[in-house]
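Numbering (the working numbering), first residue to last: 125 to 258. Below: the structure, in structure tokens.
In structure tokens, the structure reads:
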């Protein structure tokens, strides 16, 4: 039985604490290898692009605790200026999500906030491989 036969996609409108599945190490390694191959096909050498980002468990738990009704975390890809080599710095932003699948901001929709808010999202983890051990 292959992985596709073992797993059925959950109802796309049901957002709960169990969405997602654990990957086999070979799947995870295959995905990350494909990502590196894609980056290197664009002329970027390993170490010149972000492969992953580390966030501390207490920071993640703090984001969850800040939002009663949070059932999960959405990871947004974003661009945070340019790195020292002139490449766009791709970074993650973590946002709490409710059972309806909506991003959680006490002030409503993030796009409608008139100020910077109060740290309702999480970002700026350690970018790897620059700040992570080999």
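A virtual CB, placed ideally from N, CA and C, is assigned to each residue, including glycine. Here the structure is a predicted model, which is why all the values come from computation and not from measurement.
- In this structure, the straight-line span from the alpha carbon of residue 258 to that of residue 187 is close to 28 Å.
- Residue pairing for residue 251: DSSP places it in a beta bridge opposite 177.
- The DSSP-derived three-state label of residue 147 is coil.
- Just measuring C-alpha positions, the residue of 165, 246 and 251 sitting nearest residue 181 is 246.
- Between residue 174 and residue 214, the beta carbon gap of about 6 Å places them in contact (Cβ cut-off 8 Å).
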